[in-house]
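See structure below.
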Amino acid sequence: MKKNKLLEIKESVIDGKGVWTLNKIKKDERVFKFSNKIIFINHKSGCNCKICCRCINLKNNLWLYSDKDSYGWNLNHSCKPNHYSKGKYVYAFKKINPNTEITIDYSTTNVDRKWKMTCHRKSKNCRMVIRSVQYLPKRLFKKYENYMQPFIKDNYNYSKKV
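According to our numbering, the residues represented by the sequence shown are 167 to 328, in order.
Have a look at this one:
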């Protein structure tokens, strides 16, 4: 399994493999680089292909794509995430203890209105079906808005004006 001094990829309690902490992580600490690889994707909206599902939307057809077996590739979704992505990096929302799976809310990484997935976590506040940022409940958008890339945040705001 891939390791650095803070992280390890191992079996997830959510789905498949996940990224786990080895040490304490401070609130707002930059934990890892999701990827450096920016790719152009002009797929049909809602395609949910194996490429799109592993990316973070940067601009209209530009996506941040992580290599297989990287931390970014193995980063799982949670409706109650403990991390967020901004630009190429993943940061901690709060202080994180060792042996905790790192999660983000996939709704904050995508503007494809036709994209959706089933949440496997089934936590207390689970939304069951995860969709793009435009479908985030207002209370969650308010909670996350300062932790999102401007492109993602602007798409939420735009969708409310239409």
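All C-beta atoms in this analysis are idealised placements derived from N, C-alpha and C, irrespective of residue type, glycine included. All values reported here derive from a predicted model rather than from experimental measurement.
Those residues which DSSP pairs with residue i across a bridge
i: Arg297; result: Lys282
i: Leu173; result: Thr187
i: Cys221; result: Tyr231
i: Thr269; result: Asn242
i: Ile204; result: Leu230
Helix, strand or coil at residue i [DSSP, three-state]
i: Val328; result: Unreliable positioning characterises Val328 in this predicted model, as indicated by a pLDDT of 45, which lies under 50. The coordinate reading is nonetheless provided below. Note: Val328 maps to coil in three-state DSSP.
i: Tyr255; result: strand
i: Lys309; result: helix
i: Ile180; result: coil
i: Lys192; result: coil
Pairwise C-alpha distance: residue j and residue i
i: Thr284; j: Leu302; result: 15 Å
i: Arg279; j: Cys219; result: 14 Å
i: Ser289; j: Lys234; result: 27 Å
i: Ile268; j: Trp186; result: 6 Å
i: Leu172; j: Ile217; result: 27 Å
i: Trp281; j: Tyr237; result: 22 Å
i: Ser244; j: Tyr272; result: 8 Å
i: Arg287; j: Val299; result: 19 Å
i: Tyr310; j: Lys304; result: 10 Å
i: Ile180; j: Lys193; result: 23 Å
i: Asn321; j: Lys246; result: 22 Å
Cβ-Cβ separation, residue j to residue i (assumed contact under 8 Å), whole Å
i: Asn227; j: Phe200; result: Actually they do not touch by this definition, with Cβ atoms about 18 Å apart.
i: Asn177; j: Lys183; result: Contrary to the premise, residue 177 reads as Glu rather than Asn in this sequence. Right, the Cβ-Cβ distance comes to about 6 Å (below 8 Å), so this counts as a contact.
i: Ile204; j: Leu230; result: 6 Å
Quick check: the region 252–268 against the region 289–304, are at least 3 beta-carbon pairs closer than 8 Å? no
Does the region 301–318 come within contact of the region 222–231, defined as at least 3 CB pairs closer than 8 Å? Taking 8 Å as the limit for Cβ pairs, the verdict is that the region 222–231 does touch the region 301–318.
Segment contact, 8 Å Cβ cut-off, at least three pairs: the region 248–260 with the region 207–214: Contact between the region 248–260 and the region 207–214 is absent, because fewer than three Cβ pairs lie under 8 Å.
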